[in-house]
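The sequence shown begins at -2 in the numbering used here and counts up one residue at a time.
Before any comments, here is the structure.
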Amino acid sequence: MTDASSFPDDLLQLQERLHRAHAEHRTYLAELPWSVEPLAGWERGERFSHRGDVPDSPGWSEEQKETVDRMRAEIRELSIAVVDHPYWATVARDAVVDARMQLKKQTRPMEPGDVTEAA
-2 MTDASSFPDD LLQLQERLHR AHAEHRTYLA ELPWSVEPLA GWERGERFSH RGDVPDSPGW
58 SEEQKETVDR MRAEIRELSI AVVDHPYWAT VARDAVVDAR MQLKKQTRPM EPGDVTEAA
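Written out as structure tokens, the structure is:
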């Protein structure tokens, strides 16, 4: 397994920015109407819905669509920067997946309720 201190600072920062970008994107999407285009809702009995009745959706505004596109582009660019970082050329081919998972785990923000046990 890769030693946590062996990741370059710029790679750690890129991965942290990627985690933040994903979180901001999920939060933004959760606040938007359920449909990109205006669509009529339905009552639970008309179609299956695990959430109960589904209200009409006004659709997304052009500004909301542009914001989502911009956020997706940022996530894509950060993902490319992490994957293409020169550090990965220094990791043994059979250890890259484990090292990548360690990087993600090490830089993932603490969730509320996460408790680190004292040794």
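Every residue gets a Cβ at the ideal spot worked out from N, C-alpha and C, and that includes glycine.
Measuring only the C-alpha atoms, how far is L26 from T87?
The residue you call residue 26 lines up with position 29 of the sequence shown. The residue you call residue 87 lines up with position 90 of the sequence shown. Cα to Cα, L26 sits roughly 37 Å from T87.
Under the DSSP definition of a beta bridge, which residues are partnered with V51?
Taking the sequence shown and counting its residues from 1, one reaches residue 51 at position 54. Bridge partners of V51: W39.
Count the other CB atoms, across all protein chains shown, that sit within 10 Å of the CB of T104; report buried if there are 16 or more and exposed otherwise.
For the purposes of this step, residue 104 is taken as residue 107 along the sequence shown, with counting starting at 1. T104 comes out buried.
Can you tell which of S54, G38, L11 has its C-alpha closest to the C-alpha of E28?
Stepping through the sequence shown from its first residue, residue 28 is reached at position 31. Closest by alpha carbon: S54.
So, helix, strand or coil for L29, using DSSP?
Sequence index remark: in the sequence shown, residue 29 carries index 32 (1-based). Here L29 sits in coil by DSSP.
For A96, count the other beta carbons within 10 Å of its own beta carbon; 16 or more makes it buried, fewer makes it exposed. Which is it?
As a first step, residue 96 is located in the sequence shown; it is residue number 99 there, counting from the start. Buried, by the Cβ-count rule.
Inter-residue spacing [alpha-carbon to alpha-carbon] between S32 and D6
Working through the sequence shown from its first residue, we reach residue 32 at position 35. Working through the sequence shown from its first residue, we reach residue 6 at position 9. Whole-angstrom Cα-Cα distance: 40 Å.
CA-to-CA distance, I72 to L15, given in whole angstroms
Residue mapping note: residue 15 aligns to position 18 of the sequence shown, counting from 1. Residue mapping note: residue 72 aligns to position 75 of the sequence shown, counting from 1. Roughly 6 Å separates the two Cα atoms.
Counting C-beta neighbours from all protein chains within 10 Å, is the total for V79 16 or more, i.e. buried, or is it exposed?
Residue mapping note: residue 79 aligns to position 82 of the sequence shown, counting from 1. Buried, by the Cβ-count rule.
Give the DSSP-derived three-state secondary structure of E59 in the structure shown.
Position 62 of the sequence shown, counted from the start, is the residue given in the question as residue 59. It is helical.
Using DSSP with H/G/I as helix, E/B as strand and the rest coil, what is P65?
Translated into positions along the sequence shown, residue 65 becomes position 68. Position check: residue 65 holds Val in this sequence, whereas Pro was assumed. Correct three-state label for V65: helix.
Determine the closest residue to V51 out of E59, I77, G42, W57, with distance taken between C-alpha atoms.
Within the sequence shown, the letter at position 54 stands for residue 51. For V51, the nearest C-alpha among the options comes from G42.
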